[in-house]
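Protein sequences appear in the order of chains A and B. Start counting the first sequence at 4; every next residue gets the next number (this note's numbering). Start counting the second sequence at 4; every next residue gets the next number (this note's numbering). Backbone N, C-alpha and C define an ideal beta-carbon position, used for all residues, glycine too. Down below is the structure, laid out as structure tokens.
2 protein chains.
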Amino acid sequence: MVPTYKSDGVPKATIARMGMYLRCLTYLEQQGTVTISSRELADMTGVTGEQVRRDLSSFGRFGKRGSGYDAKRLKTEIETIFGRGAERWTCCIVGVGSLGTALLASRTIQKWGFKYVAAFDTDPDKVGTRVEHVPVYPLSDLKTIVRREGIAIGAITTPGPSARGIARMLWEAGIRGILNFSPQSIKAPEKIPVLSVDLSQEFLKLSFYIQSAEQRAREEQAEIIAASHAD
Amino acid sequence: MVPTYKSDGVPKATIARMGMYLRCLTYLEQQGTVTISSRELADMTGVTGEQVRRDLSSFGRFGKRGSGYDAKRLKTEIETIFGRGAERWTCCIVGVGSLGTALLASRTIQKWGFKYVAAFDTDPDKVGTRVEHVPVYPLSDLKTIVRREGIAIGAITTPGPSARGIARMLWEAGIRGILNFSPQSIKAPEKIPVLSVDLSQEFLKLSFYIQSAEQRAREEQAEIIAASHAD
DNA sequence: CCATGTGAAAACTTTCACAGCG
DNA sequence: CGCTGTGAAAGTTTTCACATGG
């Protein structure tokens, strides 16, 4: 299973949708929207209104009957659910390759309140430099720095089979959660949530969906032809 | 809903797991493994043996009772399911930023049979160069080139709100499927599968899971303390 | 004897339908 | 009157349990 973490209580799919609602609300706030209905939020995200209401109601009663949800209030509530309150999540990147650099450069990630405080690599040419203003340290300093800075999230962006060892270093240093972007599944102690995202798997899945869609289209076409002959 | 595409028949989760099985089998082949049981595959991926068997059986009967699955054969079968047969999937990247470059550089994606044939950007400094041996064309040439080369998959790696317009250009040029890495949901005609991956959402989800895990740990601790006082 | 493949049961998720309240 | 919040129904996925066959 790609996400090693078991959501326990709130379904995984609900969490994913909550993130989408938050993304929509951020957009709506810029647009100056004051009130939003479950239906509108549903149309923006491609789910049903009932689902939006059910998802939200598993965290509280945020709406007003008759009018909908206060956009500003709902955004704040969801931000709180995701822990974007007093705390700013500190992060580090392990593996300053092209994917690591992409994460360091992502403005969207920073907008959600995540702050990169360190990056790690074994390449002596990279160590000592700064990438997107974030200092790159040698991998051998990982434990010391993660522990000293109290870094919350570690993102693994190494290509190779080193991922498992790095995960171990991270949780031994007291990391609170791991994002694994390597094509390698990771086992960590129960207490440490691990979320794995394998970009190459997305290409694979898409190629399956393309084939199904095209096969379905061919079958529909065949049906139409059969029907036109059956007069 | 992030994945706009409806899997219709085979559940989405099954497809995701099939990809993981393929990844494991590739590894096992290198290790020289000849036969594998559903249980072993399950342990490697963190699912149950029943689930592996159920997943596989929705595509065919690949196993031998008493012994398990022939690793080589099963790998080939799953490759075929994912369309890795005669055809090599041609891809293009729209937006040669850091994420676009990361995808172009990914050896894992190429190992699954995906081949980049073009990249597009609006930046005149990038246009005309090659990134990872792939030529960068102006965005204005997108339709012509996608159509001429018959490109199958378009990956959108632009940061901004341009994603929707690019998606439209892609499907008007006859693309067969879209991978959307922008933090923007995309609507395409039914026939064109779209898979959206928003990396910033993964950070968000992880922060939720970290909080749940830590809260659960605190509650367990409280229970232990309560129990020790209840003697 | 061992592990697959699969009906049937259990668990979970989504949708329906509507009571309840601003 | 309109939209939320939620029991109950419908639908889907996972797990259980075991018949089946190499």
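- At least one CB atom of chain A sits nearer than 8 Å to the CB of B:Q204.
- Shown here for B:R150: same chain residues with a beta carbon closer than 8 Å to its own, the five before and five after excluded, namely A176, G177 in chain order.
- Sorting B:I39, B:M47, B:T51 by C-alpha distance to the C-alpha of B:F65 places B:I39 at the top.
- A Cβ-Cβ separation of about 10 Å leaves B:T160 out of contact with B:V200 under the 8 Å criterion.
- A:G131 is classed as exposed because its beta carbon has fewer than 16 other beta carbons within 10 Å across all chains shown.
- The Cβ neighbour count for B:E205, taken over all protein chains shown within 10 Å, is at least 16; the residue is labelled buried.
- Within a 10 Å sphere around the beta-carbon of B:R26 sit 16 or more other beta-carbons, which makes this residue buried.
- Taking 3 residues as the minimum length, the region 199-233 of chain A contains no beta strand (DSSP E) run wholly inside it.
- Close to chain B, meaning a Cβ-Cβ distance shorter than 7 Å, are the following residues of the region 168-188 of chain A: R179, G180, L182, P186, S188.
- Runs of the beta strand (DSSP E) lying entirely within the region 48-108 of chain B and spanning at least 3 residues, in chain order: 71-73, 92-97.
- Contacts between A:K208 and chain B, judged by CB atoms closer than 7 Å, involve I18, A19, G22, L198 in chain order.
- Setting aside the 5 residues that flank it on each side, B:L142 is surrounded in the same chain by F123, T125, each with a C-beta closer than 6 Å to its C-beta; the list follows chain order.
- Taking the Cα positions, B:V13 is about 15 Å away from B:P196.
- Distance from the CA atom of A:T104 to the CA atom of A:F117, rounded to whole angstroms, is 15 Å.
- Of all residues in the region 85-96 of chain B, those with a C-beta nearer than 7 Å to a C-beta of chain A are F85, G86, W92, reading in chain order.
- Within chain B, the residues L202, S203, F206 have their CB atoms less than 8 Å from the CB of A:I112, given in chain order.
- Proximity of A:P192 to chain B, defined by a Cβ-Cβ separation below 8 Å, is not satisfied.
- In this chain, the alpha helix (DSSP H) harbouring B:V149 covers 145-152.
- Taking 8 Å as the cut-off, the beta carbon of A:A170 is found no closer than this to the beta carbon of A:I148.
- Contact check between the region 214-233 of chain B and the region 46-56 of chain A: fewer than three CB pairs, one atom from each, fall below 8 Å, which does not count as touching.
- Note on geometry: alpha-carbon atoms of A:E80 and A:W174 lie some 30 Å from one another.
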